[in-house]
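According to my numbering, the stretch in the sequence shown is residues 6 to 105, in order.
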Amino acid sequence: MLNHQAKLAVERHLLASRLPFTILQPMHYMQNVNVRECVESGRFRQPYSLDRPLSFVDLADVGAVVATVLAAPREHRWATSNRVPPTSSPATMWPKLSPA
6 MLNHQAKLAV ERHLLASRLP FTILQPMHYM QNVNVRECVE SGRFRQPYSL
56 DRPLSFVDLA DVGAVVATVL AAPREHRWAT SNRVPPTSSP ATMWPKLSPA
């Protein structure tokens, strides 16, 4: 994906700079999924295979990780973390969606 290539260039620059950094790599934000529309239409559409393992994360969870890093930056110096491994696919996630 083009946006991932752009992020990789920035990460490589940081690695070469010797500046202290922490890189967080959250995947797909759950807020980008219109759950109500999925439930009402009975369809979960993505621009890639629904069987491909992906990570979905809530923005509040990303915020909690950012707060942890900012509260103790030395403990996270020169770290890179995606924090959410791709453990499920949209196809396996679909039955669990509800508009709650």
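Beta carbons are placed, not taken as given, at the ideal position from N, Cα and C, and that holds for glycine.
If we call anything under 8 Å between Cβ atoms a contact, is residue i one with residue j?
i, j, result
"leucine 64", "proline 95", "no"
"proline 25", "tryptophan 83", "yes"
"tyrosine 34", "valine 74", "no"
Looking at C-alpha atoms only, which residue of the options is the closest neighbour of residue i?
i, options, result
"leucine 114", "Val71, Arg79, Ala76 and Ala77", "Residue numbering for the chain in the displayed model covers 6 to 105; residue 114 lies beyond these limits and cannot be assessed."
"glutamine 36", "Asn87, Val67 and Ala76", "Val67"
"alanine 76", "Pro52, Thr27 and Pro100", "Thr27"
"serine 54", "Thr97, Asn8 and Gln10", "Thr97"
**Report entry** Residue ranges of each alpha helix (DSSP H) within the segment 18 to 59, 4 or longer
**Finding:** 40 to 46
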